[in-house]
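Shown next, in structure tokens, is the structure this report addresses.
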Amino acid sequence: FGREPTILGTDRNDVLVGTPGPDVIAALDGNDTIHALAGDDHICDGGDDDRIWAGDGNDTIGEGSGSDILHAGRGDDKFFPGEEPDIVFGDEGKDNLYGTSDGGSHLFGGPGDDYVSGSLGDDVLDGGEGNDIVAGAQSNDVLIGGPGRDILDGGTGDDHLDGRDGARGDELIGGAGIDRCLADPGDRRMGCRDR
């Protein structure tokens with residue numbers, strides 16, 4: 100992130116605990132557990148399989164090369180992935196979640212108006228509660244809007260778009276590929292070529 104770490108891990112399996120204020124946490128290698136606590140934190144999780152609880156605050160999380168599980172916490176959080184598949188849970192706030200370059204990620208926006216985006220592989224993208232934008236990419240993705248007025252954009256690939264939440268106002272855009280779009284009456288469907 101271009102900042103000096105205030106909390107620095109090792110190449111072993113560490114437990115790193117932040118402070119109530121803003122921290123810069125660098126985990127390095129090892130299968131680490133990170134509890135950032137409150138504050139607007141910057142977290143870089145290193146190269147192995149980590150477990151991260153970002154805590155409250157507007158956090159920025161940069162993922163290394165492992166397969167990680169992230170709990171974003173309350174606040175407007177940004178998650179920038181690495182290569183391996185991740186599982187990411189947003190929380191209250193406007194979160195920005197992105198899939199990994201290898202695909203296979205599971206991203207859950209949680210409460211709030213979120214932006215959830217896939218990448219090159221086959222991802223599961225769930226906006227959760229709120230008025231979300233859920234965007235697939237170049238592969239065969241599953242997009243779920245959840246409660247709220249959502250925009251689901253499949254991108255390329257044969258995608259599955261599910262806007263059903265019992266209310267109208269969602270927009271489902273299939274894009275290129277043979278896409279399946281499940282919608283409520285009053286939702287808008289475009290470019291859907293259901294199997």
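Under this note's numbering, the sequence shown has 188 at position 89, and the numbering climbs by one with no breaks.
Every residue, glycine too, gets a C-beta built ideally from N, C-alpha and C.
Exposure of residue i, with buried meaning 16 or more beta-carbon neighbours within 10 Å
| i | result |
| --- | --- |
| D110 | exposed |
| P119 | exposed |
| E103 | exposed |
| L127 | buried |
8 Å Cβ cutoff met for residue i and residue j
| i | j | result |
| --- | --- | --- |
| G208 | G220 | no |
| G129 | D113 | yes |
| G253 | G229 | no |
| L196 | V223 | no |
| D176 | I151 | no |
| G163 | G181 | yes |
| R287 | H259 | no |
Same chain, Cβ closer than 6 Å to residue i, neighbours up to 5 away in sequence not counted
| i | result |
| --- | --- |
| D155 | A137, G172, R173 and G174 |
| D261 | I243 and L281 |
| T159 | H141 and K177 |
| D190 | A171, G172, R173 and G209 |
Selected residue, minimal CA-CA separation from residue i, among the options
| i | options | result |
| --- | --- | --- |
| V116 | E103, D131 and R102 | D131 |
| D283 | A266, G274 and I277 | A266 |
| G285 | G273, R263, R279 and A275 | R263 |
| D257 | D213, V241 and I142 | V241 |
| G276 | R288, G268 and T255 | T255 |
| A234 | V123, G274, E183 and I186 | G274 |
| G268 | V187, T105, I232 and G189 | I232 |
Distance between beta carbons of residue j and residue i, contact taken as under 8 Å
| i | j | result |
| --- | --- | --- |
| G211 | K193 | 5 Å |
Residue i Cβ short of 7 Å to the ligand NAD heavy atom set
| i | result |
| --- | --- |
| R279 | Absent from the structure shown: the ligand NAD. Ligands present: none. |
Chain-order list of residues whose beta-carbon lies under 8 Å from that of residue i (same chain, five-residue window excluded)
| i | result |
| --- | --- |
| F179 | T159, I160, G161, E162 and Y197 |
| H134 | V114, L115, V116, G117, W152 and G154 |
Sequence-distant residues of its chain with Cβ nearer than 7 Å to residue i (five each side left out)
| i | result |
| --- | --- |
| N239 | D221, G256, D257 and D258 |
| R294 | Reliability of the predicted coordinates at R294 is poor, the pLDDT of 48 falling under 50, and no value is obtained from them. |
| Q237 | L219, G254, T255 and G256 |
| E183 | S164, G165, S166, T199 and D201 |
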